[in-house]
Amino acid sequence: MTMLNESLRKTFSAERALHIAVLCAFAFSQPLYAVLTQQFVYLHDLDAGLVEVGFVVLLLTILLPLAWIALDLLTMCVAMHWNRQFRNLVPTILLTLAWLSILRPFIGFQFLTFQSIVWIASLALAIPAAVLCMLLYERTTWIRSWVSVAAVSLVCFPGMFLYQFFSLSRPRVATPEHSQHPVPVIMIVFDEFSGLSLMNRDLQIDAGHFPQFDRLGKLSTWYRQASTVHIRTDVAVPAILSGQFPTVPRPPLESEYPGNLFQIIHGTDDFDMTVFEPVTRLCPKSLQTRERSRRSTQEKIRSLVATLLAVYPRLVLPNDTPLEFPPISRLWFGLPEQIDWHPSVYIGLQRFDPFIQRREQAQNFIQSLRNTEKPLFNFLHIEIPHIPSCLLPSGHEYNYDEMATFHPAGAWGDIGENWANDPGIVARNEHRYLLQLQFVDRFIGQLLDRLQEIDELDRCLLIVTADHGVSYRPGHSRRIPDAETLPDLLSIPLFVKLPGQAQGEISDSNVESVDLLPTIAEVLGMPLAGPVDGVSVLSRDRRPRKTLYHKEGMTTKEGLTVLEPSIPRMTAAVDRRWQIFGAGSWERPPEMACSHPDWRGRPTSAFEIEDAPLNSLNLMAQYRLPDASNLDYRPCLVAGSMDAGDLGITTADLVLVVDGIVQDSQFSFHKSRNQQGFEFLLPESVVKLPGQVELFHADRLTDPRPRLRRLGKWPLFDVR
Numbered sequence: 177m178t179m180l181n182e183s184l185r186k187t188f189s190a191e192r193a194l195h196i197a198v199l200c201a202f203a204f205s206q207p208l209y210a211v212l213t214q215q216f217v218y219l220h221d222l223d224a225g226l227v228e229v230g231f232v233v234l235l236l237t238i239l240l241p242l243a244w245i246a247l248d249l250l251t252m253c254v255a256m257h258w259n260r261q262f263r264n265l266v267p268t269i270l271l272t273l274a275w276l277s278i279l280r281p282f283i284g285f286q287f288l289t290f291q292s293i294v295w296i297a298s299l300a301l302a303i304p305a306a307v308l309c310m311l312l313y314e315r316t317t318w319i320r321s322w323v324s325v326a327a328v329s330l331v332c333f334p335g336m337f338l339y340q341f342f343s344l345s346r347p348r349v350a351t352p353e354h355s356q357h358p359v360p361v362i363m364i365v366f367d368e369f370s371g372l373s374l375m376n377r378d379l380q381i382d383a384g385h386f387p388q389f390d391r392l393g394k395l396s397t398w399y400r401q402a403s404t405v406h407i408r409t410d411v412a413v414p415a416i417l418s419g420q421f422p423t424v425p426r427p428p429l430e431s432e433y434p435g436n437l438f439q440i441i442h443g444t445d446d447f448d449m450t451v452f453e454p455v456t457r458l459c460p461k462s463l464q465t466r467e468r469s470r471r472s473t474q475e476k477i478r479s480l481v482a483t484l485l486a487v488y489p490r491l492v493l494p495n496d497t498p499l500e501f502p503p504i505s506r507l508w509f510g511l512p513e514q515i516d517w518h519p520s521v522y523i524g525l526q527r528f529d530p531f532i533q534r535r536e537q538a539q540n541f542i543q544s545l546r547n548t549e550k551p552l553f554n555f556l557h558i559e560i561p562h563i564p565s566c567l568l569p570s571g572h573e574y575n576y577d578e579m580a581t582f583h584p585a586g587a588w589g590d591i592g593e594n595w596a597n598d599p600g601i602v603a604r605n606e607h608r609y610l611l612q613l614q615f616v617d618r619f620i621g622q623l624l625d626r627l628q629e630i631d632e633l634d635r636c637l638l639i640v641t642a643d644h645g646v647s648y649r650p651g652h653s654r655r656i657p658d659a660e661t662l663p664d665l666l667s668i669p670l671f672v673k674l675p676g677q678a679q680g681e682i683s684d685s686n687v688e689s690v691d692l693l694p695t696i697a698e699v700l701g702m703p704l705a706g707p708v709d710g711v712s713v714l715s716r717d718r719r720p721r722k723t724l725y726h727k728e729g730m731t732t733k734e735g736l737t738v739l740e741p742s743i744p745r746m747t748a749a750v751d752r753r754w755q756i757f758g759a760g761s762w763e764r765p766p767e768m769a770c771s772h773p774d775w776r777g778r779p780t781s782a783f784e785i786e787d788a789p790l791n792s793l794n795l796m797a798q799y800r801l802p803d804a805s806n807l808d809y810r811p812c813l814v815a816g817s818m819d820a821g822d823l824g825i826t827t828a829d830l831v832l833v834v835d836g837i838v839q840d841s842q843f844s845f846h847k848s849r850n851q852q853g854f855e856f857l858l859p860e861s862v863v864k865l866p867g868q869v870e871l872f873h874a875d876r877l878t879d880p881r882p883r884l885r886r887l888g889k890w891p892l893f894d895v896r
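What follows is the structure, given as structure tokens:
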């Protein structure tokens, strides 16, 4: 026993304890501090202060390393009885976690993702790397010396985090100034809306599909070459509100954007303000009209710890790891933990769930336009036509699946922003986007009608725009620009109706989203609180180029500069969409997305039918909000999954039949290693209850009577 104790003392020293703490810093503290600095909105919404943040620092910097040091000591004591085997188990585990964290952003290749073996590849790289590092640590002094020097991380990691946290807590408020020309201001910022989507092949507004945007264009100036400056909402919207290029990363908080549009308008005290701000936090809290329930310090600490425990596995392990990760608090994503819906509140700061009840949010904004003593300032940022697609042009809702917000059909990646190289399913997603865009067009008509009703249309400043564009190109990203997707992502709609303007015009001048704040300031006669990068659209001086800032995509630099003052390859991008969807009705998916477009409308009597139920066939339930009216809901989406291997094939040729008539057909798309998916969006005119839905596999295609194998059938009611 004496010899064991002596051996243990020689092996476990203060240096080893320090090195375990350093490995903890790289395995746990650094990833968590890094992700927390990207989620300051979460800390803001949680009302986390010095006590809560201090506890997290204490936990990550002291308590967690002490626990691992104790575990290492225990492991070494046990190893002494096993001939010193596994004596380095704890540092090897920590090194493996550190390597997994390093590899996590770089190993999500599409092929590995589709085979659901990214986690195997990650472990196959991380474990040998950790073992090699441990061998070098034991056999070389310079590695141990390096780890000792790296002990500075024990101070640097929490120090940098605390510095950033406290810098955000310092209020920086603009000096209030009165408006010389206070007129009503109505500003709408849509989300994930490419301006090219509104154009026909002549690069005019497509009046056939978007009559209300055409109506808006006839009484405002349409800036056809308008462009965004960033591809992410939490950066693009602050750029609009601040008039500043996003040259450095900043969280979307009021303290980081002094002199933003909301502060300036609020400071004048000349306007009755209503602000719908679901994503950013730039509006002064004093405008909040509803008191939020306050959490105790203990509740906030519990929430912080539980959230970090749920987030950490996702920082080091790939999404396809065959483990069930704990759920992450909705607050982490800037979403309210509970739906707080008060449709009768029309003033002040309004914060709703960005992706829930978007139709109701739009209607609430319409109702907020009213006659008041002071001029109106009504601002709406709304997450449409952003996915999930669940709204028909008529205004009816056909499904709601919150998971589709981040993982639409046929997409892959951590947040589902990479389209598979499958033109059919990508075109179906674009079709649903265009239908939701037609709902946006309907909303624009209601907006104009309401402004006419309250007699404010003529004298108001009306601005309709979007934060950034979106792309639907197979094999490319929905949001990250490259040479193919750049025109779709760069273009945004921009309509500016000046007070008294009654005649529409089209401008091809170089206008960017940062130009809106100085435009509003000039129209209202308000001085800006500080220098801005934007230039009023009323000025003849225009920048000679466009600039799109981002971290991913075409370059490793923060900013991508597009030398042309116009949207590149605009005509080609518009032509691509028209070749797919055409000028006719968009009620049904395009023919190129169908495996047998000529079968539409055929009765099942035209086919040879064989019953062959598929056990692996799963019809996905479509979720509706509890208060959604049956009159407003349409069970149009028939979606599900299956194991195509049960049919002896890899991809299934599927045919959807409603009440004995073929309505649609498609090839299944990849969902996971063994699962194929399908999504059929039925025309609203076809959906009539009661009804019968049948899913077939086209087993033999030869005429005159192709053979269909019936895989399953359901009452149309079950599609709800």
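When we follow the numbering used here, the leftmost residue of the sequence shown carries the number 177, and every step to the right adds one. Glycine included, C-beta positions come from ideal geometry on N, C-alpha and C.
> If Pro765 and Ala587 are in contact, beta carbons under 8 angstroms, what's the gap, nearest whole angstrom?
Replying inline: Position 589 of the sequence shown, counted from the start, is the residue given in the question as residue 765. Position 411 of the sequence shown, counted from the start, is the residue given in the question as residue 587. Between Ala587 and Pro765 the Cβ distance is about 17 angstroms, and since that is not below 8 angstroms, they are no contact.
> For Ser462, which of helix, strand or coil comes out of DSSP?
Replying inline: Taking the first residue of the sequence shown as position 1, residue 462 is located at position 286. In the structure shown, Ser462 sits in a helix (DSSP, three-state: H, G or I).
> Skipping 5 residues on each side, what residues in its chain have a beta carbon closer than 6 angstroms to that of Phe202?
Replying inline: Here residue 202 refers to the residue found at position 26 of the sequence shown. So the list reads Ala274, once near-sequence residues are dropped.
>> Taking the straight line between their C-alpha atoms, what separation do you get for Thr826 and Glu660?
In response: Numbered from its first residue, the sequence shown carries residue 826 at position 650. Numbered from its first residue, the sequence shown carries residue 660 at position 484. Straight-line Cα distance between these residues: approximately 30 angstroms.
> So which of Leu344, Val227, Leu312 has the shortest CA-CA distance to Gln214?
Replying inline: Residue mapping note: residue 214 aligns to position 38 of the sequence shown, counting from 1. Residue Leu344 is the option with its Cα nearest to Gln214.
> Near Val361, what residues of its chain come up, given a Cβ to Cβ distance below 6 angstroms and the 5 sequence neighbours on each side ignored?
Replying inline: In the sequence shown, counting from the first residue as 1, residue 361 sits at position 185. Result list for Val361: Phe553, Leu637, in chain order.
> Can you list the alpha helix (DSSP H) stretches of 4 or more residues lying completely in the stretch 509-575, in chain order?
Replying inline: At a cut-off of 4 residues, the continuous stretches assigned as alpha helix (DSSP H) that sit fully inside the stretch 509-575 are 534-544.
> Are there 16 or more other CB atoms within 10 angstroms of the CB of Thr483, so buried, or fewer, so exposed?
Replying inline: Translated into positions along the sequence shown, residue 483 becomes position 307. Buried is the call here.
>> Out of Ser355, Ile407, Ile477, which one is the CA nearest neighbour of Gly443?
In response: Walking along the sequence shown from the start, residue 443 turns up at place 267. Of the candidates Ser355, Ile407, Ile477, the one whose C-alpha sits nearest the C-alpha of Gly443 is Ser355.
> What is the DSSP secondary structure of Leu374, reduced to helix, strand or coil?
Replying inline: Translated into positions along the sequence shown, residue 374 becomes position 198. When secondary structure is reduced to three states using DSSP, Leu374 falls in the helix class.
> Is Trp762 helix, strand or coil when you go by DSSP?
Replying inline: Walking along the sequence shown from the start, residue 762 turns up at place 586. The answer is coil: DSSP assigns Trp762 none of H, G, I, E or B.
> Which of helix, strand or coil does DSSP assign to Leu832?
Replying inline: Numbered from 1 along the sequence shown, position 656 holds the residue referred to as residue 832. Looking at Leu832 - three-state DSSP - the assignment turns out to be strand.
>> So Ile743 and Pro663 are supposed to be a Cβ contact under 8 angstroms. How far apart are they, rounded?
In response: Taking the sequence shown and counting its residues from 1, the one referred to as residue 743 is at position 567. Taking the sequence shown and counting its residues from 1, the one referred to as residue 663 is at position 487. Contact between Ile743 and Pro663 holds: CB atoms are separated by about 5 angstroms, below the 8 angstroms threshold.
>> If you reduce the DSSP assignment to three classes, tell me which class Leu887 lands in.
In response: Taking the first residue of the sequence shown as position 1, residue 887 is located at position 711. In the displayed model, Leu887 falls within a strand according to three-state DSSP.
>> Check whether the stretch 669-680 and the stretch 390-399 are in contact - that is, three or more C-beta pairs closer than 8 angstroms.
In response: Contact check between the stretch 669-680 and the stretch 390-399: three or more CB pairs, one atom from each, fall below 8 angstroms, which counts as touching.
> Quick one: Cα of Ser329 to Cα of Val198, how far?
Replying inline: To locate residue 329, count along the sequence shown from 1; it is residue 153. To locate residue 198, count along the sequence shown from 1; it is residue 22. Rounded to whole angstroms, Ser329 and Val198 show a C-alpha spacing of 7 angstroms.
>> Does Ser715 pass the burial test, meaning 16 or more other C-beta atoms within 10 Å, or should it be called exposed?
In response: For this step, residue 715 is matched to residue 539 along the sequence shown. It counts as exposed.
> Which residue spans inside the stretch 227-285 form an unbroken alpha helix (DSSP H) run of at least 4?
Replying inline: You should have 240-256, 265-279.
>> On the DSSP letters alone, give me the boundaries of the alpha helix (DSSP H) that Leu692 sits inside.
In response: Along the sequence shown, read from residue 1 onward, the residue named residue 692 stands at position 516. Counting along the chain, the alpha helix (DSSP H) containing Leu692 begins and ends at 692-700.
> Quick one: any contact between the stretch 309-326 and the stretch 411-419, if contact means 3 or more CB pairs under 8 angstroms?
Replying inline: No: the two stretches stay apart, fewer than three of their Cβ pairs being nearer than 8 angstroms.
>> Taking the alpha-carbon of Ser205 as reference, which of Phe333, Leu265, Asn264 has the nearest alpha-carbon?
In response: If you number the sequence shown from 1, residue 205 lands on position 29. Selected option, being the one with the closest Cα: Phe333.
> Which of helix, strand or coil does DSSP assign to Asp664?
Replying inline: On the sequence shown, position 488 is the one that residue 664 refers to. It is helical.
> Helix or strand or just coil, what does DSSP make of Leu638?
Replying inline: Indexing the sequence shown from 1 puts residue 638 at position 462. Of the three classes helix, strand and coil, the one that applies to Leu638 here is strand, per DSSP.
> How should Thr272 be labelled, buried or exposed, when 16 other C-beta atoms within 10 angstroms of its C-beta is the threshold for buried?
Replying inline: Looking up residue 272 in the sequence shown gives position 96. Looking at its Cβ environment, which holds 16 or more other Cβ atoms inside 10 Å, Thr272 is buried.
> Distance, Cα to Cα, Leu556 vs Leu511?
Replying inline: The residue labelled residue 556 in the question sits at position 380 within the sequence shown. The residue labelled residue 511 in the question sits at position 335 within the sequence shown. If you take the alpha carbons of Leu556 and Leu511, they lie about 17 angstroms apart.
> Measuring CB to CB, does Ser844 end up less than 8 angstroms from Leu832?
Replying inline: For the purposes of this step, residue 844 is taken as residue 668 along the sequence shown, with counting starting at 1. For the purposes of this step, residue 832 is taken as residue 656 along the sequence shown, with counting starting at 1. Not a contact, by the Cβ cut-off of 8 angstroms.
> How close, in whole Å, do the beta carbons of Leu793 and Gly888 come, if the pair is a contact with beta carbons under 8 angstroms?
Replying inline: Looking up residue 793 in the sequence shown gives position 617. Looking up residue 888 in the sequence shown gives position 712. Sure, about 5 angstroms apart at Cβ, within 8 angstroms.
>> Taking the beta strand (DSSP E) that Leu724 belongs to, which residues open and close that run?
In response: Mapped onto the sequence shown, residue 724 falls at position 548. Here the beta strand (DSSP E) through Leu724 covers 722-725.
>> For Ala603, list the residues DSSP reports as bridge partners.
In response: Against the sequence shown, residue 603 aligns to sequence position 427. None; Ala603 has no bridge partner.
> Can you tell me whether DSSP reads Val814 as helix, strand or coil?
Replying inline: On the sequence shown, residue 814 is found 638 positions in, with the first residue counted as 1. Residue state, collapsed to three classes: strand.
>> Output needed for Ile303: all residues of its chain with C-beta closer than 7 angstroms, excluding positions within five of it in sequence on either side, in chain order.
In response: By one-based count along the sequence shown, residue 303 stands at place 127. Take Ile303, set aside five residues on each side of it, and the residues of its chain with a beta-carbon closer than 7 angstroms to its own are Thr272, in chain order.
> From this set, Arg263, Thr780, Gly824, which residue's C-alpha is nearest Gln868's C-alpha?
Replying inline: The residue labelled residue 868 in the question sits at position 692 within the sequence shown. Closest option to Gln868, Cα to Cα, is Thr780.
>> Just to check my reading of the structure: Asp835 and His572 have Cβ atoms closer than 8 angstroms, yes? What is that Cβ distance to the nearest angstrom?
In response: Residue 835 sits at position 659 when you count from the first residue of the sequence shown. Residue 572 sits at position 396 when you count from the first residue of the sequence shown. At roughly 20 angstroms, the Cβ-Cβ gap does not stay under 8 angstroms, so Asp835 and His572 are not in contact.
> Where do the N-terminal and C-terminal ends of the alpha helix (DSSP H) with Trp775 fall, by residue?
Replying inline: The residue labelled residue 775 in the question sits at position 599 within the sequence shown. Trp775 -> no alpha helix (DSSP H), and no H or E assigned at all.
> Considering only the beta carbon of each residue, do Arg457 and Val229 sit closer than 8 angstroms?
Replying inline: Against the sequence shown, residue 457 aligns to sequence position 281. Against the sequence shown, residue 229 aligns to sequence position 53. Contact flag unset, no.
> Helix, strand or coil: how does DSSP classify Ser689 here?
Replying inline: Locating residue 689 in the sequence shown gives position 513, counting from the first residue. Helix at Ser689.
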